[in-house]
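There are 2 protein chains.
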Amino acid sequence: MASEKEKNSGSFDNKGITVKKKDDLPQWYFEVVQKAELADYAPIQGFMVIRPNAYSIWENIQKEFDRRIKLRGVKNAYFPLLIPDSFFKKEAEHAEGFSPELAYVESKEGEEKYAIRPTSETIMYDSYAKWIRSWRDLPLKINQWCNVVRWEVSQTKPFLRTREFLWQEGHCVFENEEGAEENMTEMINEYKSFIEEFLAIPLVIGKKSEAERFKGAKKTMTIEALMPDGKALQCGTSHNLGQNFAKTFGVKFLGKDGKENFGWQTSWGISTRLIGAMIMLHGDDKGLVLPPKIASDKVVFVPILFDSTREKVIKKCEQLSKQIEGIGNFIDSRSECSPGWKFNEWELKGIPIRVEVGPKDLEKGQVVIVRRDTLEKEIVSEKDFAKRVNELLVDIQNNLFKKAKSFFDSSFDEAKTMKELEKKIGEGKIVKVFMVNDPSVEKSIKEEIGAASRWVEESKKEGVCIKSGKKTKSIAYLARNY
Amino acid sequence: MASEKEKNSGSFDNKGITVKKKDDLPQWYFEVVQKAELADYAPIQGFMVIRPNAYSIWENIQKEFDRRIKLRGVKNAYFPLLIPDSFFKKEAEHAEGFSPELAYVESKEGEEKYAIRPTSETIMYDSYAKWIRSWRDLPLKINQWCNVVRWEVSQTKPFLRTREFLWQEGHCVFENEEGAEENMTEMINEYKSFIEEFLAIPLVIGKKSEAERFKGAKKTMTIEALMPDGKALQCGTSHNLGQNFAKTFGVKFLGKDGKENFGWQTSWGISTRLIGAMIMLHGDDKGLVLPPKIASDKVVFVPILFDSTREKVIKKCEQLSKQIEGIGNFIDSRSECSPGWKFNEWELKGIPIRVEVGPKDLEKGQVVIVRRDTLEKEIVSEKDFAKRVNELLVDIQNNLFKKAKSFFDSSFDEAKTMKELEKKIGEGKIVKVFMVNDPSVEKSIKEEIGAASRWVEESKKEGVCIKSGKKTKSIAYLARNY
């Protein structure tokens with residue numbers, strides 16, 4: 000990829016992360032985000048600047064996920080940033096869900112009131128109603144990559160919760176209920192497969208409870224991850240919207256049966272929040288740890304430079320760089336900072352593999368390779384270099400996933416009483432309980448212990464609702480969450 | 000690429016363009032945009048929906064231009080959608096230029112007044128001031144692909160003038176004036192090379208007059224195209240910002256000289272307006288004509304279907320499709336509409352090459368190829384198929400450029416008096432005149448004849464200003480414009 004590529008390393012007064020991840024996760028996260036130059040606080044409360052180091056991750060997410068949806072026949076489009084207020088009000092439940100978070104634009108003379116989009120169902124389906132005429136126009140599968148704004152009042156956190164974020168929102172229309180249900184399912188599966196493979200974040204797919212369902216949807220499927228502090232994180236959702244929006248916005252088609260029918264719809268989205276999940280899950284006391292598959296720069300060469308051997312050593316780095324062409328790599332040949340300083344910088348920034356090349360290595364026909372995930376060092380002969388780098392990249396990717404998965408799997412527990420539930424939630428567990436799927440019951444649990452259900456399922460045998468004492472087959476998985 | 004790919008063809012009541020391009024360009028443009036499913040009017044005045052047929056062009060523009068800027072060391076990032084009002088006010092001229100077009104967000108309790116970004120100089124340089132410490136951090140080259148909003152009061156037109164549009168804005172900082180001047184120049188050249196090569200739009204590079212310069216810039220370079228009605232269209236700009244913004248926002252660095260210096264800055268951008276230019280310049284009475292290099296689907300196969308030979312003919316299309324793998328193509332095998340109907344549809348939508356395959360062609364080992372630009376038909380033997388398609392794609396691309404270039408070149412003229420100028424402007428010419436580079440003089444010309452300068456240059460010999468009568472070496476090129 001690169002030889003002697005110039006890196007904007009930012010300031011030279013970098014001192015590494017000052018706290019241990021296990022001691023103070025919020026402070027650790029704050030420092031990693033800042034010092035690895037991933038994001039910066041913007042001069043507008045709750046907004047962030049996504050810096051190149053993190054934006055390149057978003058670009059890689061876009062590239063791979065866009066490829067996947069296009070294979071499924073989805074096409075990209077772009078709808079307006081602003082949505083007439085009257086559109087939200089058309090679908091009552093949807094309006095109720097989003098109204099508190101809307102940012103309105105100051106009305107211009109003679110024009111309607113507009114809000115910045117928090118999501119685009121309403122404005123998109125207004126167009127769909129015009130575009131769709133007959134069953135021949137279905138399925139309609141459209142996606143957009145864009146920014147959305149939700150005026151959160153709770154505390155914000157870069158990537159994980161901000162008033163503006165970047166995402167994709169897919170919106171499809173089908174001829175029948177089965178089409179929508181199938182699409183909802185295939186997309187939540189696609190999310191899981193993509194995120195586990197590329198970001199090494201283990202996920203559980205589950206159905207959202209009545210209380211947590213997307214407002215306006217018939218059914219919401221979620222992918223949930225677990226952060227190191229035992230808080231769950233919703234990483235994406237896929238909704239079966241049924242015919243709710245179709246009826247509101249008039250998304251109708253002439254069916255094969257010669258009759259006019261309402262379309263069956265889905266919507267699904269993932270966002271820049273994934274970057275936050277990845278930072279928090281894989282990072283360590285030295286800083287960011289990037290899964291190789293999502294990193295643009297996978298290998299950094301750090302030449303050990305002395306005046307007399309400088310040229311030879313850099314030339315060797317260039318030769319080795321060529322051997323791994325196609326794998327993002329660069330040579331940090333700056334003479335104004337020491338090898339040790341460079342080691343720290345690229346560890347902080349999470350580059351998966353560091354290759355050290357000094358004059359003595361040259362003599363011995365070897366290099367030193369350090370993998371970022373375990374910080375293990377190994378000496379590799381030049382002739383095995385490319386092969387070993389390829390092996391290590393696979394190994395690092397797998398190791399990150401395995402570590403996270405084992406943590407995730409060990410975090411499940413059960414409870415029979417509210418007291419037991421509260422204790423286990425406090426320990427950072429995902430706790431399985433019997434709970435009636437009723438928003439008022441869930442609300443009272445939330446008020447009592449500060450945790451909501453992450454997903455629900457049906458049990459074969461009946462149990463007793465942990466809160467209401469009613470008999471139920473409904474099971475809920477509860478955890479604190481971001 | 001594809002075999003029997005499903006196409007969402009939209010409605011089936013398509014009737015083609017009802018006016019001739021030369022008779023009524025605005026109506027022609029309106030119909031092409033609608034009927035080729037490029038854009039739709041949004042329910043918000045002055046906003047548009049970019050439909051998949053046009054969005055795929057934007058994706059191709061992004062892909063190629065993004066590749067080019069990354070080769071130049073530019074990195075992508077993302078800055079907030081909203082900008083504090085106080086930021087605009089910091090740079091007086093910039094504020095004056097953009098204030099009338101700002102859309103403000105309704106203030107929330109205790110928060111400052113925010114505007115939706117019309118361009119991002121101010122919010123980006125606020126961050127740059129924090130990030131840049133020393134000469135080692137320079138050059139800083141950052142770009143963002145995003146949406147911007149400018150609340151135009153004049154009439155809007157899809158792609159060419161809308162209140163929201165998509166663009167890229169590159170923002171660089173250099174150690175010295177030469178660095179900035181060089182970057183401004185290389186980027187305007189990059190735009191010209193990219194747009195001429197991919198969109199087949201001939202351009203002139205020129206310097207903007209004092210009146211037309213970007214507000215806040217020291218110098219603005221423009222690329223100007225000419226539309227079929229003799230109106231010029233600004234297709235992109237590149238600005239040398241000097242140290243204006245650096246001084247306002249404190250973009251300082253410790254120089255190699257050990258002293259603190261202000262950075263020298265540039266910004267440059269192109270937008271979805273390019274899609275409008277392409278539609279208007281290349282389209283004809285049948286609809287859209289896509290330059291092959293920017294089209295995702297370059298070839299459409301239309302099998303001539305009879306029940307008895309259907310399978311054989313489709314199989315042949317699939318074989319031919321495989322022969323041109325890597326060139327975007329699809330087979331329109333719908334049985335519910337006739338070949339003639341399909342010919343019209345894909346001509347309307349501008350697919351560069353149509354391949355007709357019928358049972359008689361099968362017998363003769365040949366196919367019929369129709370090129371979209373000239374609508375010329377030719378019979379090609381199967382064995383020459385792939386070669387001929389490749390040749391034709393190159394030929395169509397070159398032909399579109401040549402035709403447009405010859406029109407552009409023939410549209411230049413000169414004038415010595417205001418009367419002569421007015422007449423030639425009325426004829427749709429780009430008219431070269433002596434004009435002092437003074438906003439007040441330019442304003443009075445604009446008021447008198449409705450045309451502004453598109454670019455200016457310095458003459459070697461002196462002449463007389465067409466309006467003020469003053470002696471001057473300043474030359475201006477005037478035209479009506481979009």
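Chains as they are written, first to last, in numbering that gives the first Met the number 0: chain V, 0 to 481; chain A, 0 to 481. The beta carbon of each residue, even a glycine, is placed where N, CA and C say it ideally should be.
Under 7 Å by beta carbon: chain A residues contacting residue i
i, result
"V:A494", "With chain V covering only 0 through 481, there is no way to say anything about residue 494 of chain V."
"V:F78", "V48"
"V:K28", "Contrary to the premise, residue 28 of chain V reads as Tyr rather than Lys in this sequence. Result: empty, since nearest Cβ-Cβ is about 19 Å, beyond 7 Å."
"V:Q44", "E110"
Residue i in three-state terms, based on DSSP
i, result
"A:F164", "strand"
"V:N436", "coil"
"A:G169", "strand"
"A:F411", "strand"
"V:N146", "strand"
"V:F329", "strand"
"A:K20", "coil"
"A:Y481", "coil"
"A:V312", "helix"
"V:Q44", "coil"
"V:E377", "strand"
"A:E259", "strand"
"V:S355", "Strictly speaking, residue 355 of chain V in this sequence is Glu, with Ser absent from that position. Residue state, collapsed to three classes: strand."
"A:S473", "strand"
"V:F300", "strand"
"A:N59", "helix"
"A:I122", "helix"
"V:N239", "strand"
"V:E446", "helix"
"V:S133", "strand"
Own chain partners of residue i with C-beta closer than 7 Å, once the 5 adjacent residues on each side are dropped
i, result
"V:L80", "I115, R116"
"A:K341", "V301, D331"
"A:R309", "none"
"A:K466", "M417, M434, V440, S443, I444"
"V:G45", "E151, T155, T161, R162"
"A:E100", "P117, R149, W150, E151"
"A:E446", "none"
Contact set for residue i: own chain, Cβ-Cβ below 6 Å, skip 5 residues either direction
i, result
"V:K4", "At V:K4, the pLDDT of 36 sits below 50, so the modelled position is not reliable; the number obtained from the coordinates is stated separately. F329, listed in sequence order."
"V:G254", "W134, N260"
"A:D412", "K423, K428, V430"
"A:F305", "none"
Supposed contact pair residue j and residue i - C-beta distance, whole angstroms, cut 8 Å
i, j, result
"V:P227", "V:A38", "No, V:P227 and V:A38 are not in contact; Cβ-Cβ is about 19 Å, not under 8 Å."
"A:D372", "A:L399", "6 Å"
"V:Q167", "V:G268", "6 Å"
"V:W345", "V:R353", "6 Å"
"A:D296", "A:I350", "6 Å"
"A:K230", "A:A478", "7 Å"
Within chain V, partners of residue i - CB distance below 7 Å
i, result
"A:P99", "Within chain V, no residue comes near A:P99; the closest Cβ sits about 12 Å away, beyond 7 Å."
Own chain residues within Cβ distance below 8 Å of residue i, not counting five before or after
i, result
"A:E120", "E90, H93, H170, G215, L240, F244, S266"
"V:F193", "E63, F64, R67"
"A:F406", "L225, P227"
"A:K251", "A128, I131, A245, E259, N260, F261, G262"
Interface flag, residue i vs chain B, CB-CB below 7 Å
i, result
"A:L347", "Chain labels in this structure do not include chain B; the protein chains are V and A."
Residues that residue i contacts on chain A, provided the C-beta gap is smaller than 8 Å
i, result
"V:I141", "P51"
"V:N182", "Near V:N182 there are no residues of chain A at all, since even the closest Cβ is about 15 Å away, more than 8 Å."
"V:Y54", "K74, N75, A76, Y77"
Under 9 Å by beta carbon: chain A residues contacting residue i
i, result
"V:D331", "Here the premise fails: no neighbours, minimum Cβ distance about 13 Å."
"V:A102", "L81, V104, E105, K107, Y113"
Check: residue i C-beta below 6 Å from any heavy atom of the ligand ZN
i, result
"A:T308", "Of the ligands one can find in the structure shown there are none, so the ligand ZN has no counterpart to examine."
- Query: Contact between the region 64 to 79 of chain A and the region 63 to 76 of chain V: three or more CB pairs below 8 Å?
  - Reply: no
- Message: Is it the case that the region 52 to 64 of chain V contacts the region 201 to 217 of chain V, given that we only count it when at least three CB pairs across the two stretches are under 8 Å?
- Response: As far as the Cβ criterion goes, the region 201 to 217 of chain V does not touch the region 52 to 64 of chain V, which means the pair count is below three.
- Query: Are the region 400 to 409 of chain A and the region 194 to 204 of chain A touching by the rule of at least three beta carbon pairs closer than 8 Å?
  - Reply: yes
- When the Cβ atoms of the region 170 to 189 of chain V are set against those of the region 128 to 143 of chain V, are three or more pairs found closer than 8 Å? yes
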